[in-house]
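Asks: Input: one structure, supplied below.
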Amino acid sequence: MPPSEMQTSEQGTLEIDGAKIAYDFLPGEGPTIFFLPALNQTRHGAKSNAIKTWCRRQGRSFLVADYFATGKSDGLERVAERCCLLQSVAV
6 MPPSEMQTSE QGTLEIDGAK IAYDFLPGEG PTIFFLPALN QTRHGAKSNA
56 IKTWCRRQGR SFLVADYFAT GKSDGLERVA ERCCLLQSVA V
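In this note's numbering, the protein residues as written are 6 to 96.
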């Protein structure tokens, strides 16, 4: 297996408006491929993994993140709070 096949991605979180957003970053050459998964899909879906594998083999950098309230990203508590708030206003 070539060395590029064994390269691992950096996993982490960044905070945006108090919510932690989970991401994977694979360092490489050239412009970074930034993949936006479909709604309600996580950063570890089949398409994301296929593109990440291609980037790894090509030596390209790759970035993918879970959306707010999806996968390992924060936000479900805030969504629930907003739903409860809207229900109490509607009553």
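Built from N, CA and C at the ideal position, the CB exists for glycine as well.
My output table needs one value for residue 57: the three-state DSSP class, helix, strand or coil.
Replies: helix
Asks: Which of the three DSSP states is assigned to residue 70 in this structure?
Replies: strand
Asks: Quick one: residues in its chain with C-beta nearer than 7 Å to the C-beta of residue 65, no 5 flanking neighbours on either side, listed in chain order?
Replies: 33, 34, 35, 38
Asks: Residues in the same chain with beta-carbon distance under 8 Å from residue 25, minus the five sequence neighbours each way, listed in chain order, please.
Replies: Correct list, in chain order: 18, 19, 78, 79.
Asks: Can you look up residue 112 in the DSSP assignment and give me helix, strand or coil?
Replies: Beyond the ends of the chain as shown, which are 6 and 96, falls residue 112; an answer cannot be given.
Asks: Strictly by DSSP, which residues pair up with residue 29?
Replies: 16, 69
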